[in-house]
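Worksheet: the structure to be examined is printed underneath.
Number of protein chains: 2
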Amino acid sequence: MSTTHNLRVDGARLWSTIMETARFGATPAGGINRLTLSQEDGQVRDWFRDACEAAGLEVRVDALGTQFALRRGRDMTRLPVACGSHLDTQPTGGKFDGILGTLAGLEVMRALNDAGIETEAPLLLVNWTNEEGSRYAPAMMASAAYAGEFTVEDIHSRRDAAGIAVKQALEAIGYLGDEPVGERRIGAFVELHIEQGPILEAEATTIGVVEGGQGIAWFDGVVTGFESHAGTTPMPRRRDALNGFAEIALAVERIAHAHGPTAVATIGEAVIGAPSRNVIPGRIRFTLDVRDPKAETLDAVESELRAELDAIAGRRKLTIELTRIWRKEPVPFDAGVVGAVEAATRGLGFSHRRMVSGAGHDACNIAALAPTAMIFVPCRDGISHNEAESATQGDCTAGADVLLQTLLTLANAPVRAG
Amino acid sequence: MSTTHNLRVDGARLWSTIMETARFGATPAGGINRLTLSQEDGQVRDWFRDACEAAGLEVRVDALGTQFALRRGRDMTRLPVACGSHLDTQPTGGKFDGILGTLAGLEVMRALNDAGIETEAPLLLVNWTNEEGSRYAPAMMASAAYAGEFTVEDIHSRRDAAGIAVKQALEAIGYLGDEPVGERRIGAFVELHIEQGPILEAEATTIGVVEGGQGIAWFDGVVTGFESHAGTTPMPRRRDALNGFAEIALAVERIAHAHGPTAVATIGEAVIGAPSRNVIPGRIRFTLDVRDPKAETLDAVESELRAELDAIAGRRKLTIELTRIWRKEPVPFDAGVVGAVEAATRGLGFSHRRMVSGAGHDACNIAALAPTAMIFVPCRDGISHNEAESATQGDCTAGADVLLQTLLTLANAPVRAG
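Which chain is which? The protein sequence lines are F and V, in order. Position 259 of the first sequence, counted from 1, bears residue number 259 in UniProt numbering, the numbering being contiguous throughout. Position 4 of the second sequence, counted from 1, bears residue number 4 in UniProt numbering, the numbering being contiguous throughout.
Below, the structure written as structure tokens:
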């Protein structure tokens, strides 16, 4: 044990690997345009396969194109301890989202090879297909199918905007693999990722020990008042849908604050029907996104908001409709794996905090199958899904070191009585 | 005098005239689509000319197509006392906006003919070209040029969306007249119109004695915050442009109320930049329309609002820009003509109130040249610029009777020392 406690990744090699693969789909502004199953995605997959094989890993591809690279362990009867993330990007994505977690996994394998270390359980590195969801819906498609949420036939038949089905796209780049989706079992899963939020940077904290994924509720709303002339309708006689909506926006904000620091609520879209400079808006449609790590908080935000909407509608003689169109329950990660991440972080001496993932990740799907946790590192200004996305070499190295130590702990732990 | 005090218009004839001309550009939904200088506008102009000539009026057309129909008076050295409005409509306009005032003027002439009454000063009935502004900007184009705000050459060169210039359109329907614009002088102007607002109907009042036109200030605003991830950005760290805008909307409403009952302020358009359901809005553009009969109130609303914007921007770390793009000063009508309208109304026994016009009218332009006032009658639900626009025969008749008595008073009044 003492020898592996001192083991570190090669941060410079990890960084140069990130920069090397950034050429597949590189944009002039320094980002990456590497939509899932595109030619560029095919190129980075080929590169990844070759690099894994060069590191002695055995690479297989499943029927949804997900790449699995196995590093043998001393006890091949044990389920592999897995890590990884994704190599696809948004159309104007950055160099770190998904890529850090995947290539840090590769760096872990290389570092173990360099040190000549064999783990008890095998290790597995995964590149999940279509985490981003930009070309094909839904996002996190392959890990969801892996976890049994969708059938492979369903996912194969999904089409992009050009009408190309997932199965065709897989064939076109040579990644319609023969391994049945979900057949490969894993013992645990650890995903390293940039935070995609501002908290770690703001608190000058290096590592986020991620305890789970937030629950999400999506709503569509409509406020209906009465469209009338801006010049001839006295203020007290108005039924202004926009001003009613303004009260709703501030109520949403106030309620989310009251359930802080965890709850967040966002109106991302709002559109006036038949807008005109000199007409009082009679109708406005809006969207609402509410998130919290606890299902009870999602419930409370919704019921408090509905009470506010009734009050606003009554006071302003408006009709306000709010429809919940989707809800994803919170995903708690495994206490044991979270504890292993935290212990590894402490062992390495990094500043850290426990937190919840605000965004969705493949790990949130895998958590339904196997003990799972995530490791977050800071990204500049919390910016992600943007060519300006940035993380420091030091933080990337720190995250990879935590990943390395966590995998060693999990893979070398005594087998628990089953 | 006593004979003319008992004179009334023929309300049934006025109503059937309104319904007769409603066939020019009639829409299936019961409205009128009669854009200025269209073929349909040409048809109603021809009908109007013929009807005026049949009533013994002398019809001339100026270089912007405005029709002037003169009824001779006993003293032709006196300037004519004028009335009228417009016969063009919005693309989905109603049967009363502008039309009532023009055809009520015709009915007044017919009623005087029937009674064999000759006035001291001549009377003049006007059909102004392009009051609506739907096909050619600006609205109230011909009366503004008549008042000297634009040159005829400027207006002639304005083009519609199809590229057709005003001069071409006038020639196409035979209404490029030979009378120089503004040459014809008038002694007074009285315009009867539907209110286009809800006040008279709500108060069950028959006649609005209009003291002036409101001042109008138009603004464009931009709120800039920071676009970020709806799931990963904690509430206290957000710089949400939409929530800042919501505070602005409520501040606008509060300030207008505080300057009530006259002031009105409306945000008619608001557009989020790059809206997405799970992205905190980083930018929102909006328009603002502020109106009040007093210039000082427009000033006060603007300065109070700017102070609020500064406070909101500071508190929320947003940038808020507000640019005044247009301002039209209030137009006070002539106390003498307003008094004549009020006296005529009282003499007829109609319920009435003094009020200010919320919308713009040709009378607001003419007020710069000659003593002017307006007469309002109720319209159903305050709806206008809409095929559902409606007024009762009784109210139309009442408005025409007030117009008749007002014109008689003004045209028969002793000449004031000049």
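Ideal Cβ placement from N, Cα and C applies to all residues, glycine included. Given the structure is predicted, the values throughout are model-derived calculations rather than measurements.
{"Item": "Would you mind reading off the limits of the alpha helix (DSSP H) that contains Met-141/F?", "Value": "141–146"}
{"Item": "Assuming contact is defined by CB atoms lying nearer than 7 Å, are Asp-299/V and Thr-266/V in contact in what I supplied?", "Value": "no"}
{"Item": "Let me know the secondary structure DSSP gives Thr-129/F once reduced to three states.", "Value": "coil"}
{"Item": "So, is Asn-140/V buried or exposed, given that buried needs 16 or more other C-beta atoms within 10 angstroms?", "Value": "At residue 140/V the sequence reads Met, which differs from the Asn that was named. Buried, by the Cβ-count rule."}
{"Item": "Which whole runs of the beta strand (DSSP E) in the UniProt domain \"Peptidase M20 dimerisation\" (214–314) of chain F are 3 residues long or more, in chain order?", "Value": "215–224, 264–266, 270–272 and 283–292"}
{"Item": "Compare the C-beta of Ser-2/V with all C-beta atoms of chain F and state if any pair is closer than 7 Å.", "Value": "For Ser-2/V, the predicted structure reports a pLDDT of 47, less than 50, and the residue's modelled location is therefore unreliable. The matter cannot be settled from this model."}
{"Item": "In whole angstroms, give me the CA-to-CA distance for Leu-14/F and His-259/F.", "Value": "40 Å"}
{"Item": "Can you find the residues in the same chain that come closer than 6 Å, C-beta to C-beta, to Lys-167/F, ignoring five residues on each side of it along the sequence?", "Value": "His-156"}
{"Item": "Taking 7 Å as the cut-off, decide whether the C-beta atoms of Asp-220/F and Thr-287/F are in contact.", "Value": "yes"}
{"Item": "Is there a Cβ from chain V that is less than 7 Å from the Cβ of Glu-269/F?", "Value": "yes"}
{"Item": "Mind checking Lys-95/V: buried by the 16 CB within 10 Å criterion, or exposed?", "Value": "buried"}
{"Item": "Can a CB atom of chain V be found closer than 7 Å to the CB of Val-264/F?", "Value": "yes"}
{"Item": "Once you ignore the five residues that flank Glu-253/F on each side, which residues in its own chain have a CB closer than 8 Å to its CB?", "Value": "Ala-265"}
{"Item": "Taking the beta strand (DSSP E) that Val-61/F falls in, what are its first and last residues?", "Value": "58–61"}
{"Item": "Could you check whether Ala-188/F and Leu-369/F sit closer than 7 Å to each other, using their CB atoms as the reference points?", "Value": "no"}
{"Item": "Across the stretch 6–23 of chain V and the stretch 56–69 of chain V, are there enough close Cβ pairs to call them in contact, namely three or more that are closer than 8 Å?", "Value": "no"}
{"Item": "From the DSSP secondary-structure annotation, give me the bridge partner or partners of Thr-372/V.", "Value": "Phe-189/V"}
{"Item": "Contact check, Val-81/V vs Ala-115/V under 8 Å by CB: the rounded distance?", "Value": "Contact doesn't hold; Cβ gap of about 17 Å is too wide."}
{"Item": "Which residues, in order along the stretch 94–125 of chain V, keep a beta-carbon less than 9 Å from a beta-carbon of chain F?", "Value": "none"}
{"Item": "Below 7 Å between beta carbons: does that hold for Gln-214/V and Arg-291/V?", "Value": "yes"}
{"Item": "Report yes if the C-beta distance between Glu-191/F and His-361/F is below 7 Å; otherwise report no.", "Value": "yes"}
{"Item": "Could you check which residue in Ala-145/V, Ala-161/V, Val-44/V and Ser-85/V has the C-alpha nearest to that of Leu-124/V?", "Value": "Ser-85/V"}
{"Item": "Within the chosen definition, does the stretch 337–345 of chain V reach the stretch 401–410 of chain V through at least 3 CB pairs nearer than 8 Å?", "Value": "yes"}
{"Item": "Excluding the 5 residues flanking Ser-2/F on each side, which residues of the same chain have their C-beta closer than 8 Å to its C-beta?", "Value": "Residue placement at Ser-2/F is flagged as unreliable, the pLDDT there being 47, under the threshold of 50; the coordinate-derived value follows with that caveat. Result list for Ser-2/F: empty, nothing under 8 Å."}
{"Item": "Beta-carbon within less than 7 Å of Gly-148/V's beta-carbon, same chain only, minus the 5 sequence neighbours each way: which residues are those?", "Value": "Gly-182"}
{"Item": "Is Cys-52/V helix, strand or coil by DSSP?", "Value": "helix"}
{"Item": "Are Ile-207/F and Phe-245/F touching if we call contact CB-CB under 7 Å?", "Value": "no"}
{"Item": "Is the separation between the beta-carbon of Asn-278/V and that of Gly-268/F shorter than 7 Å?", "Value": "yes"}
{"Item": "Is the shortest distance between the beta-carbon of Ala-161/F and the beta-carbons of chain V less than 7 Å?", "Value": "no"}
{"Item": "Reducing DSSP to helix, strand and coil, say where Leu-7/V ends up.", "Value": "coil"}
{"Item": "Along chain V, in chain order, which residues have C-beta atoms closer than 7 Å to that of Leu-242/F?", "Value": "Ala-249, Ile-267 and Ala-270"}
{"Item": "Pick out whichever of Arg-239/V, Glu-211/V and Pro-281/V has its Cα sitting closest to the Cα of Phe-333/V.", "Value": "Glu-211/V"}
{"Item": "Which residue wins for smallest C-alpha separation from Arg-184/F, given the options Ala-63/F, Ile-312/F, Arg-34/F and Thr-92/F?", "Value": "Ala-63/F"}
{"Item": "Counting only Cβ pairs nearer than 8 Å, list the residues of chain V close to Ala-202/F.", "Value": "Arg-237"}
{"Item": "Please confirm whether Leu-103/F and Ile-186/F have their CB atoms less than 7 Å apart.", "Value": "no"}
{"Item": "Out of Ala-29/V, Arg-23/V, Ala-54/V and Gly-30/V, point me to the one whose CA is closest to Glu-40/V's CA.", "Value": "Arg-23/V"}
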